[in-house]
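This report refers to the structure that appears directly beneath it.
Residue numbers (this note's numbering), protein chains in the order written: chain A, 11 to 295; chain B, 192 to 460.
This is the structure in structure tokens:
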């Protein structure tokens, strides 16, 4: 029995070596499956666009009602050359980013600090639920009255769309910490603030980032709804104006820019997540 | 309490842990009361290893949390080095079946937790932690994140995190239960070696009778809830008790295991 036990470390190091050797092969396999997913996505997209183009090419009325990929592309390149695409994207992007940032900061700080006091969190809970159930669109007219028709009102709309979600996800993260882990910190003599800073905050990062990814879309919706109500620039403004003039392909062109904006922001959040939580990358290795 | 004043302490230092007639019950939401610990007394002396075994659900974890000051007993006294302590006792290490490693910290970072909380300078803490990890066979793994370590290695990191604070007393709650047999024997051996070498005291709560007998100087068998002490065995298996692997082959070993098993079996019926 003793001999078996002594032999164990040698066996583990051998299996580790063989895993290293399998490394490049596995990486290639994973790359290949990613490639397959990407290729399939492109095929689906191309088929959809081809069908759209073909169906609207035969029929003038359909082309007017639904636009067509080629017309959308034409508007996109026109908007790019006259600069309105960049200007509108910049304006909406700035509003979204500011709202996203402010909303998540406020929401996360409140959500995490509610961990500190069971009493305060119980007092606050019904108010949070009440605020969370308000459709943000309903607030738009008031926001315009309070903050005017410029940048600030859109940032406010965007912030409001984000803040409750950020609060709830970060609070959920903070209260989801394993009680045994808290006990461990207590037996090591940690103060409540040390438990908060060294355990609760980092343990909540996973939930906070889930919230961040979710709120990219909410921030963008907030900004665009704000622009719908009253604005002179931005993608929401472009969509609204083209829509009221029945220039359907231009509506779609502005939508494409909106989607691109959302994708870029989501991608950026994912990158920041990887930077801030390097231990999660090691998991995939 | 009077005889545990400074004069008496100088004459004969009080044992690290004395538990006198501790009782603990839980209130149910419905209003009922479930007595968990009935009446329990025990003494843990300096340099002694005591195992506690008992049937499932007999309140072993409640006992441990009460000793740590995470729960307050309904009755009785707990004295650490002769004193009753409010809150968490000092110099007590605590380790559970779950390794409770923080995934965002490397093995080294996890080991440094206790020293960091106590404000030990980082460079000094790092040296001590690296040395402790080396001693536990984790040389070269200090900068690995827990997700890349095996279960046995993770539990070794947890052990390093506990031992690096140089506790007088270790309270372990089934720390090796989730490990495979080989890892378990090896880590048990290292634990006992380090505990005996440092003249520390160890209270080990376990399901595993063989583990209890092979590690401990004394095994306490608990009854079903409300928990009381059912039997106490002084384990006489030679004078050098550092090798927990060869002790399993000693002639008296299986007798102890059999009698303790019989004690538990009666309780289970």
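Where is the CB? At the ideal position from N, CA and C, for every residue including glycine.
Three-way DSSP call (helix, strand, coil) for residue i in this model
i                      : result
residue 273 of chain B : coil
residue 280 of chain A : helix
residue 223 of chain A : helix
residue 236 of chain A : helix
residue 285 of chain A : helix
residue 268 of chain B : strand
residue 205 of chain B : coil
residue 440 of chain B : helix
residue 422 of chain B : strand
residue 67 of chain A  : helix
residue 55 of chain A  : helix
residue 450 of chain B : helix
residue 249 of chain A : helix
residue 318 of chain B : helix
residue 296 of chain B : coil
residue 177 of chain B : There is simply no residue 177 of chain B to check, as chain B begins at 192 and stops at 460 in what is shown.
residue 262 of chain A : helix
residue 427 of chain B : coil
residue 279 of chain B : coil
residue 294 of chain A : Note that residue 294 of chain A scores 48 on pLDDT, short of 50, meaning its location in the model is unreliable; the coordinates nonetheless yield the value given after this. Residue 294 of chain A: helix per DSSP, three-state reduction.
residue 40 of chain A  : helix
residue 15 of chain A  : Note that residue 15 of chain A has pLDDT 41, beneath the 50 cutoff, so the model's placement of it is unreliable and no number is given.
residue 263 of chain B : coil
residue 274 of chain A : helix
residue 256 of chain A : coil
residue 445 of chain B : helix
residue 267 of chain A : helix
residue 455 of chain B : helix
residue 329 of chain B : coil
residue 200 of chain A : coil
residue 435 of chain B : coil
residue 35 of chain A  : helix
residue 311 of chain B : coil
Residues that residue i bridges to, as DSSP identifies them
i                      : result
residue 286 of chain B : B:363
residue 386 of chain B : Paired residues: none, contrary to the question.
residue 218 of chain B : B:224
residue 211 of chain B : B:268
residue 217 of chain A : The partner list for residue 217 of chain A (beta bridge, DSSP) is empty, contrary to what the question assumes.
residue 233 of chain B : B:210
Extent of the continuous alpha helix (DSSP H) run through residue i
i                      : result
residue 189 of chain A : 189-197
residue 164 of chain A : 161-185
residue 252 of chain B : 251-258
residue 400 of chain B : 400-406
residue 208 of chain A : Unbroken run through residue 208 of chain A: none, as it is neither H nor E.
Residue i - containing beta strand (DSSP E), residue span
i                      : result
residue 308 of chain B : Here residue 308 of chain B belongs to no beta strand (DSSP E); instead the alpha helix (DSSP H) covers 304-308.
residue 241 of chain B : 240-244
residue 412 of chain B : 409-413
residue 392 of chain B : 392-397
Okay, do the region 149-163 of chain A and the region 206-213 of chain A touch, 3+ Cβ pairs below 8 angstroms being the bar?
no
Entirely within the region 79-159 of chain A and at least 4 residues each: give me those alpha helix (DSSP H) ranges in chain order.
79-92, 94-123, 128-142 and 146-157
As an exercise, report each continuous alpha helix (DSSP H) stretch of at least 4 residues that is fully enclosed by the region 334-378 of chain B, in chain order.
342-354
Is the number of C-beta pairs between the region 333-345 of chain B and the region 366-377 of chain B that are closer than 8 angstroms three or more?
yes
Should the region 122-134 of chain A be called in touch with the region 180-187 of chain A, which here means at least 3 C-beta pairs below 8 angstroms?
yes
Across the region 75-84 of chain A and the region 217-228 of chain A, are there enough close Cβ pairs to call them in contact, namely three or more that are closer than 8 angstroms?
no
Inter-stretch contact at 8 angstroms, needing at least 3 Cβ pairs: the region 362-369 of chain B / the region 279-290 of chain B
yes
Just checking, does the region 238-245 of chain B make contact with the region 281-288 of chain A on the three C-beta pairs under 8 angstroms criterion?
no
Contact between the region 411-418 of chain B and the region 243-254 of chain B is defined here as three or more beta-carbon pairs at a separation below 8 angstroms; is this criterion met?
yes
Three or more beta-carbon pairs under 8 angstroms between the region 234-249 of chain A and the region 159-169 of chain A, yes or no?
yes
Would you call the region 323-338 of chain B and the region 296-305 of chain B in contact, with 3 or more CB pairs under 8 angstroms?
yes
Is the region 129-143 of chain A in contact with the region 187-199 of chain A, if contact means three or more CB pairs nearer than 8 angstroms?
no
So does the region 105-125 of chain A actually touch the region 214-225 of chain A, counting three or more Cβ pairs closer than 8 angstroms?
yes
Evaluate contact between the region 162-170 of chain A and the region 257-274 of chain B, counting only Cβ atoms and requiring at least three cross-stretch pairs below 8 angstroms.
no
So, does the region 255-267 of chain A touch the region 266-277 of chain B, judging by three or more C-beta pairs under 8 angstroms?
no
Cβ pair count under 8 angstroms reaching 3, the region 218-236 of chain B against the region 425-435 of chain B
no
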